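Working notes, structure below.
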Amino acid sequence: MRLYRVLILAACCWLLGTAPAHAQTWGTVTGTVTDSVQGAPLPGVTVLVEGTDFGTATSADGRYRLELPTGRYTLRFSAVGFATRVDSVTVAEGTTQLDATLASTVLKMDELTVTDGAVPNRPGVYKVDPADVQNMPTPFKDGFRALKTTPGVATNNELTQQYSVRGGGYNENLVFINGFEIFFPFRPRQGEQEGMGLLNPALASDITFYTGGFPPEYGGKLSSALDVQYVRPESDPLSGSVDLSTLDASAHLQSSALGGDLGWGFGMRRAQPGRFFGTQDLKGDYSPRFTDLQGTVSYRFSDRVSVEALGIWADNTFDLEPEERTTYFGVISLDPERPSDFKALRASLNGARTDGYTTTFGGVRLHTDLSDRLKLAHDFAYFGTRETESFDIQSNRRVCQVNPTGGDNPSNCTSVLQGESTVTRFADNSVEVRRRTGRGRYEWDLDRQTLKGGWHLRGLHFDDNLNERTTIDGRVEDGQDSTLVDRLDDSATFDEYQFGAHLQDAVDVLPTDGRLTITGGVRADYFSFNDEWTVSPRLSGRFVATDRLTLTGAWGIYHQKPTYRELRGTPSDTASIRGTLDQNRDIRSQRSVQYVFGGEYFFPDRRLYLRAEAYYKDLDDLISYTIEDVRVNYSGENDTYGYTYGVDFQLRGELVPGLESWFNYSYLVSRERFTDAALERYAAQAPTGFSDEFRENRTGLLPRPADQRHTFSAFVQDYVPGDKSWKVHMRLLYGSGLPYTPTSPGPKTPGGAETRIPGDRMSGRLPAYRRVDVGATKRIELVQNGIGGPVHLELTLEVLNLFDMDNTVDYSWTNNFQRVPKRLTPRTLNARLHLTF
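Position 744 (the sequence shown) corresponds to 910 in the numbering used here; numbering is contiguous.
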C-alpha cells in the first residue's frame, strides 16, 4: 500500500512541483465503533468527515484514528448492514475520544422477490462508476476508454474507442444505452479517425460491463455486453456540469418538472484534439472536429404508464494535410564488435484526407405496469450512420542507414541507401447504414423468482461504395524501376432482417433468502440473409458461501450472426462485393460455448475485495480476420475453429478512505485452426508457384489476432498530504505484444514489380504496450447553496504517457520489405476545468 502511494505522490510532485507549507494546529480523534445488540467491535466501518472524501476505516478491533486540524467537525460512520450514524466532535490539540454505536438494519422478510439485475458479483460482471470515468486521466471522456482498466480487456491503443474482451474481436461486443442498442463506426482504418464514442459519462448514472456469461436478454455476440443507464430525474432540482480542457469541452444539464412526472437530461460535447494527434511520427496539419448532442426525456402519465425517449446526434470529421514522417527503427548496439543496424524511414507527403462519420439515433419506449408484479415495455429505435473516406496523398519515401549519435536531422543518412519509393494512395469511399428495431420486453415478479421474456425485429440496410487505388513507384538497390497498382471500384446494396426472442428465469433456490440464485434461459435468433435459426441456452448461478465469500459460475452457448463486414470479407479486384455476398448465402453464425467460474472474497479490516475468474471458450464456425491498426479485415468464410481460455484477477477497494482504487491482471491464450477445406481454397487462390507456401503458413494451431497473453491495469486515487482538497489519479496499462502476420516477397508482376504475400500467419509479435497517465485535481467550493446544491470547481492537470513510452500499433512495409513501426502518441500535457452545480 505504501509503495503505490510513493509512486503516485512522486508522479504528482513531478507534475506539480513542491507546494509551500503552512503552519497549522492539528489534533487526533480516536474511538471504537460497536454494534448496538452485543456491543461487539465492528471492523471495516467507514469513518468520513461529512462533506468530504477524507476519512479512515476501523481496524479488526473496531478502533479508528483520524488526524485533523483543530476545529469542529461532523463525522459519518457507515457500514453494510448497519444504519449510518452522524456525530459531531470538536478537535483540540492532543487526543479527542469519540465512540459510536451502529444499529443493525437487517430485517426478516416474509417473502423475497428476486430481481435479476446487473449484480456486481454475478459471473463476469463489473461495475464502472461514472465518477471514476471523469477522474481517470484519458485523452477523451467518452466512457469506452475507461473500460480498458477492466479485467480481460486487451490493451494496445489509446487512440481507439474500440476494445477486445477475453480474446474476442472488436465486433463481438454489445452496447446498450437505456436498453437501446448502439454500434461502433464501420469504416475507420486508424484510431484517431473514429472520433468520440457515443457513451457520454456525464449523463450516465450506472455502467455495468459483462465480460462473459451474460444472460439471454442481452443478445448473441460472442464476447461482452455493456449496459449503460442514463439519468432519469424524478424529483431533482436543476443540476449539471461544464468541462473544458485543451483537447475537448462538454456540458450537461438535468432536472425534473411537473411534480417529478417529467424528467430530462441533455449533454453536448466537442473535441478538437489536433495537438494530441500531431504528436505522432506523422506530422502535418491535423484538424479533427468531433461533436455530439445527446438527450433523454421521461414522462409519467400515471403510476403505471410512462414513456421515455433517447436521442443522439454525432458528427465526427477528421481532416489531415500530411507533411512529413520520420520513423527510426532497428537495433542500436553498444558492443564495438557488433555494429548498430539503425535505420530511418523519411517521407515527404502532399495531399489531404478527410474522414467523416455522422450518426443519428432516436428511440422511444412505452412502459406499462399491468400490476405490481407484471411489467411490459415496448420500444422502437432508429440507428443511422453515414461514413465517408476521401484521400489523395502522395509520399516520397526513402529508408537509409543512420548514425545513432548523429541527431534527428535529414542529413543523418550514412552510406547505404536501402530503398526509395513514391507511394500514391487515393480513395473516395462511403457507406450508409440504417437499422430499424422494434422490441418488446416483459417481466413477471413472483414470490421467489423473476421471469423475463422478450422479442425484437430489426431491419438492416447498407449502401457500400468503394473506389480506391494504390500505386507504388520505386527504385531498389539494383536500380530497377517498378510499378504496382492495387485498385478497387465496386458498390453494393444490402437489405435483410433479423428476428430474436428470449426467455429467462431467476430463482432463489435455498430456503435461506438470497443464498443461492440460479438464472436460466434460452434465446432463439433468425437471420434472413442465410435463412438460419440458432438456439442459445444459458445458465448462471451465484452462491453466497459466507458473508465474505461469494462463488459464481456460468455456462452458455453464444451465437453471433454474421454482420455485413463479415459477409463482405476483404474486398479485392478479382471479385465483386455483390458476388461475394451471393456466394455467402450458406455462411453460418459463429458459435462459442462458454464456461465461467469465479469467486469474490471480502477483507473487512482492509475494505478490499479480491476477485478471480477462470473461463474457457470452445469456438466453432469462426470467420477469420486480421487487424491493421483498428481496421478489421475478414475472410468472409467459416474457415477456422479454436478455443480461448484464461483467468482474470482484480483487487479492488478503498486503499484510501472514500477513494476506490483497483489492480487487475489477466492471463489469456486464444488459438484457432483452419479447416482442411479452407486450406485447400487458399492454396488454389495463391499466386502461381506459391500454393504450398499459402497452405503451410496457415497450417497448425495458430494465435488469434487478440491473443494478448498478459495484461495488467490499475487505477489508483490518493490525496496530496496536508491538503485533502487535492487528489491525484494514476492509470497504468500494460499489455504483452499482440500477434501479427509478417509479409514475404511474392512473385513479380509482368511489369517486373515485386509483390508481397503473407508470411506465417500470426507468427510475429508487436512490442508490449506500456502506458502511465497521471493527473492532479484541486477541488474548490465556489458556492455552498447554488440552484440545486453546492457549486464546485475542479482544476486538473494531466500528463498523458508520463514516461514517454514508445508504443507500436502496427507495421508498414517498404518496397524492399523493411518493417517500419507505426507508433502511438508520446507524452502530452492536458489541463482541464470541471464545474459542477
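For every residue, glycine included, the Cβ atom is placed at its ideal position computed from N, Cα and C. It should be emphasised that the depicted structure is a prediction, and the values quoted were computed from it without experimental measurement.
Burial state of residue i (16 or more Cβ within 10 Å)
i: Ser468; result: exposed
i: Asn996; result: buried
i: His876; result: exposed
i: Arg998; result: buried
i: Gln328; result: buried
i: Ser694; result: exposed
i: Thr250; result: exposed
i: Val294; result: buried
i: Thr740; result: exposed
i: Leu617; result: buried
i: Val252; result: exposed
i: Phe969; result: exposed
i: Gln615; result: buried
i: Val319; result: buried
i: Tyr230; result: buried
i: Val394; result: buried
Contact check, residue i vs residue j, beta carbons under 8 Å
i: Ala543; j: Arg607; result: yes
i: Phe881; j: Ser832; result: no
i: Pro303; j: Val940; result: yes
i: Arg332; j: Thr810; result: yes
i: Val835; j: Gly866; result: no
i: Glu766; j: Arg777; result: yes
i: Gly517; j: Ile478; result: no
i: Ser405; j: Gly334; result: no
i: Leu413; j: Met434; result: no
i: Thr991; j: Phe442; result: yes
i: Gly529; j: Leu476; result: yes
i: Arg757; j: Ile723; result: yes
For residue i, the nearest candidate out of the options (CA to CA)
i: Gly361; options: Pro399, Pro439 and Thr637; result: Pro439
i: Glu732; options: Ser801, Asp674 and Asp748; result: Ser801
i: Asp372; options: Val291, Phe349 and Ala417; result: Val291
i: His533; options: Gly309, Arg704 and Gly345; result: Gly345
i: Leu370; options: Asp308, Ile348 and Pro209; result: What sits at residue 370 in the sequence shown is Ala, not Leu. Comparing Cα-Cα distances from Ala370 to each of Asp308, Ile348 and Pro209, the minimum goes to Asp308.
i: Asp661; options: Gly363, Asp630 and Asp227; result: Asp630
i: Val255; options: Leu410, Leu241 and Val835; result: Leu241
i: Tyr465; options: Gly528, Ala423, Gln816 and Val965; result: Ala423
i: Val497; options: Arg552, Lys449 and Pro570; result: Pro570
i: Leu511; options: Leu410, Arg563, Ala872 and Arg847; result: Arg563
i: Glu964; options: Phe768, Gly357, Glu503 and Lys893; result: Lys893
i: Glu609; options: Gly735, His668 and Ala658; result: His668
i: Leu313; options: Val762, Asp784, Phe375 and Glu803; result: Phe375
i: Ala513; options: Arg504, Gly719 and Arg491; result: Arg491
i: Asp842; options: Arg861, Pro853, Phe856 and Gln851; result: Arg861
i: Thr261; options: Ser270, Pro289 and Leu232; result: Leu232
i: Val691; options: Glu960, Ile343, Pro382 and Ile753; result: Note that residue 691 corresponds to Asp in the displayed sequence, not to Val. Comparing Cα-Cα distances from Asp691 to each of Glu960, Ile343, Pro382 and Ile753, the minimum goes to Pro382.
i: Asn482; options: Phe352, Gly379 and Pro488; result: Phe352
Three-state secondary structure (DSSP) of residue i
i: Gly952; result: coil
i: Asn863; result: coil
i: Arg751; result: helix
i: Thr841; result: coil
i: Leu536; result: coil
i: Ser857; result: helix
i: Gln670; result: strand
i: Asn967; result: coil
i: Ile498; result: coil
i: Arg614; result: coil
i: Ala942; result: strand
i: Thr526; result: strand
Same chain, Cβ closer than 8 Å to residue i, neighbours up to 5 away in sequence not counted
i: Ala258; result: Gly193 and Thr236
Beta-carbon proximity list for residue i, same chain, < 6 Å, skipping 5 on both sides
i: Asn301; result: His895
i: His627; result: Arg600 and Asp661
i: Gly429; result: Arg398, Pro399, Glu400, Ser422 and Ser464
i: Asp655; result: Asn633
i: Thr1002; result: Ser407 and His958
i: Thr590; result: Gln560 and Thr637
i: Leu419; result: Gly406 and Phe432
Same chain only: Cβ atoms within 7 Å of residue i, ignoring 5 sequence neighbours per side
i: Thr200; result: Ala206, Pro207, Leu208, Gly228 and Thr267
i: Thr994; result: Phe442, Thr445, Leu966 and Asn967
beta-carbon residue i near the ligand NAP non-hydrogen atom, thresh 7 Å
i: Thr412; result: Among the ligands in the structure shown, none appear at all, so the ligand NAP cannot be discussed.
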